[in-house]
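Undergrad: One structure coming up, written as structure tokens, with questions to follow.
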Amino acid sequence: MYDDILKENNEALWDWITWETLGNPSEKFQKGNELRGFGLWRADYTKLCSAGRSSLGSEHSDPEKELGRADIRICVLTTCDYRKHKALIQTLLPFMPIDKNTGKLQDPHSSTRGTLKKGPYYVLFPYNYDDNAWNSRALGSNLRGPRGSAMKSLETTYDAARLEATLPRWSTASRSCIAVFSTDGVDVGTAHVYGKTERDDWPFRNGKNEREKIFGTTLAKGKKTGQGSTYSAFRSDQKNNQKIKFYSVKTGVHYVGTEEQKVNDKDLLESNSVHAMHRSELISRTMDQYGDAAFEARYQIEILTVLIKGQYSEWDGYQIRDIGDSDGEIWFPLLALPSQGKAFAKQWGNDDDWVGFWGRSFARPLGRAKAEMLVYFGLQHMTANAQNMLVAFDRKRGKKAKRVILRDVGDTLYNDHFFVALGRARGYYKQAWDEEANDPQGVTLTCQIGGGYEDPYMTRIATTPIFFFPPFMGGDIAASGKPAKILAAWAVQHNRAFIEYMGEKIGYRADWQEDWKDGSDESLTDIGKAIRESPGFDKLTQSKYVKLYKKVNALEARQRWHLIREIEAECLAVGDKDTAKARLLVSAHDLLLSSEVEGYVKSPEGKKRLADYHKNHPQIIDLQLVEDRGSRSVNEGLCCSMCGKKHGSKESTFLGNWHRCGTCSRAYCNTCGKWWLSRAVLFERARVCEYCAGKTELIG
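Going by my numbering, the letters in the sequence shown line up with residues 393 to 1092, in that order.
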């Protein structure tokens, strides 16, 4: 329907920010591909750490994960190697060295005296003045404090000051922006600081709070470097520049496009944004344990959150997401699918069947990714819509996507039932669950979520928030003349892929329930009618929904599958334009399949199969290799955790029968063949890799 973007861009310039903004059906986001800038201001870390006795609550209690004190919290990942993020740290936390051996950030706090070493130390804060107004609550809007106001002055309290330096940035379809960081950082000692006698007002958007004004009269620009102003052109010009890196930066803003954010309290970064860090920590640790190759999806995780007490005595700050590297890939944001999906399928995939193309490339992989999140992390999506998902394609072209990429992992909850089994398999799952469950602001399946979310109470695939999200239902989907049929078909593929993944990984099957009970006291006809008429857990009143999900969970597996098959057939036969009915049927399909998975995972067989899947899963064993007398050596007493065979000591080089695969880079214990190492040393005799059938050679 809208193929002009495809015509204007050759394949070298296609990039996800182009699709997400220029390809967005809403005009308010369509200028995001233009280069703008983050303003920067600084605050004294010493004063922040000694400014009273502020507290974020019990969720901020782990000194290993959260640096700072008093009016500042710097939340980090214990599993993150920040040596990879030198550009980011050098810019925002230039006073915090990165340990050259571990990659951890080093806090200048004295651990013994609770004092700071010699400073001053400045924390830098990005400020999005294009999306703020003069009276915004966002941190940094007025560093000196409103005249005649009793509110604290950031300038006086924290020695805050605006810098002349800026960061290049591009808008997205949300509060987050993409920003460029240089390994040289910003030298706050030499960068110009606006003094008290200088005008230091930010160039806010024009017309104060006029909603029709999308951007200010003074567009935020980085220093003129000759690069293209669009995101894709800038990336192309900077392709071989090893000194810069791109990150997603979320700050509090007054507007996203023309929509005010204060009504949802999104004009400030939420104080519970640390929960996104908790989920990122869980994902990072699990992926480190099992290796990237074990996962079908990719996850963009948060790696840094900085929060301080602002002028309104509320927490605000910024959060950084590692977006990874798209080299060799095209990333397509699913929110652009309605306007650009048909043209992309035809010109990129050479596929006239664009509905089938996106069923294979988006609906099925996304369903499997949601199941993967539950099986590996115990995380369940709440209301994540298409805005939070990308599809990665190989630049070499082809009709099939490589993977889906999930972002905004904070929009998930901890599923109680999956964590019961996960906690039996690995200690760190139990630790993660205990931290979340004991946190007053923690978000688990059976708690009251709040924040505008309805409580799901049970495992849900969350299908309708994706396919029946209003912006997703327009464009080519609406113009096709059969939007209901397209959306229902994708939703069924999505849900089927979810249940298939559960079967492959943890042994789910339709006839898992062998000890039949009486089932529900209510007839299947009555329950089926109630399910079909339910507009979904996000719209029902809580009391009605609670009664309904309890009835569905009380059904036997064979009864649920009877309804699943009926409703699935109705989904696929829905009228071309009857999107209201399609939404009801898809929600019912989701509810029944979700209940099936929950029932299985709660059963003795399901718990055991999920726990055993992790107990028997090959893991990367960190050998902590060190150079010792010119040879590689390992920690004393290292053994394979599966078979118990010792294969090395502190004084020796590698001994025993570890094998490494030259194809997929795993190394296995030859005795049990199930656990692998993270590094290779010497190569001799061969065996066959059980994962890819490639050649392996003995280490020793």
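From the three backbone atoms N, C-alpha and C, an ideal C-beta is built for every residue, glycine too.
Determine which residues share a DSSP beta bridge with Met781 and list them.
TA: Looking at the DSSP assignment, Met781 forms a beta bridge with Leu798.
Undergrad: For Ile675 versus Ile693, is the C-beta spacing smaller than 8 angstroms?
TA: Result yes, Cβ atoms of Ile675 and Ile693 sit closer than 8 angstroms.
Undergrad: Determine the burial state of Pro996: buried for a count of at least 16 other Cβ atoms within 10 Å of its Cβ, exposed for fewer.
TA: Exposed is the call here.
Undergrad: Could you work out which residue in Asp831, Asp745, Lys936 is closest to Pro848 when comparing CA atoms only?
TA: Of the listed residues, the one whose Cα sits closest to Pro848 is Lys936.
Undergrad: With a 10 Å radius around its C-beta and 16 neighbouring C-beta atoms as the bar for buried, classify Lys1007 as buried or exposed.
TA: Its Cβ having fewer than 16 others within 10 Å, Lys1007 is exposed.
Undergrad: So, with DSSP's three-state summary, where would you put Arg465?
TA: Arg465: strand per DSSP, three-state reduction.
Undergrad: Decide if Tyr437 is buried, meaning its Cβ has at least 16 other Cβ atoms within 10 Å, or exposed.
TA: Classification for Tyr437: buried.
Undergrad: Let me know the secondary structure DSSP gives Ala829 once reduced to three states.
TA: The answer is helix: DSSP assigns Ala829 an H, G or I state.
Undergrad: Near Asp491, what residues of its chain come up, given a Cβ to Cβ distance below 7 angstroms and the 5 sequence neighbours on each side ignored?
TA: Taken in chain order, the residues that qualify are Gln498.
Undergrad: Would you check if there are 3 or more beta carbon pairs closer than 8 angstroms linking the stretch 570 to 578 to the stretch 732 to 747?
TA: No, because fewer than three Cβ pairs between the stretch 570 to 578 and the stretch 732 to 747 fall closer than 8 angstroms, the two stretches do not touch.
Undergrad: Using DSSP with H/G/I as helix, E/B as strand and the rest coil, what is Phe687?
TA: Looking at Phe687 - three-state DSSP - the assignment turns out to be coil, as it is neither helix nor strand.
Undergrad: Is it buried or exposed, Gly460, if we count other Cβ atoms within 10 angstroms and call 16 or more buried?
TA: Classification for Gly460: buried.
Undergrad: With 16 other CB atoms within 10 Å as the buried threshold, where does Val655 fall?
TA: That one is exposed.
Undergrad: Determine contact between the stretch 940 to 952 and the stretch 898 to 906, defined as no fewer than three beta-carbon pairs at a distance below 8 angstroms.
TA: Short answer: they touch.
Undergrad: In whole angstroms, give me the CA-to-CA distance for Cys1084 and Ala870.
TA: Confidence at Cys1084 is low in this model, with a pLDDT of 49, below 50, so the placement of that residue is unreliable and no value is reported for it.
Undergrad: Compare the C-alpha of Arg529 against each of Ala443, Asp579, Val645 and name the closest.
TA: That would be Val645, whose Cα lies nearest to the Cα of Arg529.
Undergrad: Assign His1114 to buried or exposed, taking buried as 16 or more other Cβ atoms, counted over all protein chains shown, within 10 Å of its Cβ.
TA: Residue 1114 falls outside the range modelled here, since the chain spans only 393 to 1092, and no answer is possible.
Undergrad: Can you give me the start and stop residues for the beta strand (DSSP E) that Val698 sits inside?
TA: Start and end: 694 to 701.
Undergrad: Is Glu412 buried or exposed, if buried means 16 or more other CB atoms sit within 10 Å of its CB?
TA: Buried.
Undergrad: Kindly identify the DSSP beta-bridge partner or partners of Gly709.
TA: In the DSSP output, where bridge partners are listed per residue, Gly709 has Leu699.
Undergrad: Assign Tyr586 to one of three DSSP states: helix, strand, or coil.
TA: Correct three-state label for Tyr586: coil.
Undergrad: On a Cα-Cα basis, can you pick out the residue from Ala824, Arg428, Gln634 that is closest to Asn1161?
TA: Residue 1161 lies beyond the residue range present for the chain, which begins at 393 and ends at 1092; the question has no answer from this structure.
Undergrad: Whose C-beta lies closer than 6 angstroms to the C-beta of Pro857 among residues of the same chain, with five residues either side of it excluded?
TA: Once the five neighbours on either side are set aside, the close Cβ partners of Pro857 are Thr775, Asn777.
Undergrad: Under the three-state reduction of DSSP, which class applies to Gly431: helix, strand or coil?
TA: DSSP places Gly431 in strand when its eight states are reduced to three.
Undergrad: Considering only DSSP beta bridges, list what Ile409 is partnered with.
TA: BP columns for Ile409 are empty, so no partner.
Undergrad: Provide the residue span of the beta strand (DSSP E) that contains His561, from first to last.
TA: It should be pointed out that residue 561 corresponds to Arg in this sequence rather than to His. Its beta strand (DSSP E) spans residues 553 to 563.
Undergrad: Can you tell me which of the three DSSP states His773 falls into?
TA: His773: strand per DSSP, three-state reduction.
Undergrad: What does the alpha-carbon distance come out to for the pair Glu356 and Cys441?
TA: Missing from the structure shown is residue 356; the chain here goes from 393 to 1092 and no further.
Undergrad: Run through DSSP, which three-state label would Trp723 get?
TA: The answer is strand: DSSP assigns Trp723 an E or B state.
Undergrad: Output needed for Arg787: all residues of its chain with C-beta closer than 8 angstroms, excluding positions within five of it in sequence on either side, in chain order.
TA: Result list for Arg787: Glu403, Gly720, Glu721, Ile722, in chain order.
Undergrad: Helix, strand or coil: which one does DSSP assign to Thr438?
TA: Helix, per DSSP.
Undergrad: If we ignore side chains and look at the alpha-carbon of each, how far apart do Asp407 and Ser718 end up?
TA: Cα to Cα, Asp407 sits roughly 9 angstroms from Ser718.
Undergrad: Skipping 5 residues on each side, what residues in its chain have a beta carbon closer than 7 angstroms to that of Thr714?
TA: Here the sequence assigns Asp to residue 714, which means Thr is not the residue at that position. So the qualifying residues of the chain are Tyr639, Gln692, Ile693, Ile695.
Undergrad: Give the straight-line distance between the Cα atoms of Tyr550 and Leu535, rounded to the nearest whole angstrom.
TA: Their backbone Cα atoms lie some 10 angstroms apart in a straight line.
Undergrad: Round the Cβ separation of Ile898 and Tyr1005 to the nearest angstrom and send it over; I've been treating them as touching at under 8 angstroms.
TA: Yes, Ile898 and Tyr1005 are in contact; Cβ-Cβ is about 5 angstroms, under 8 angstroms.
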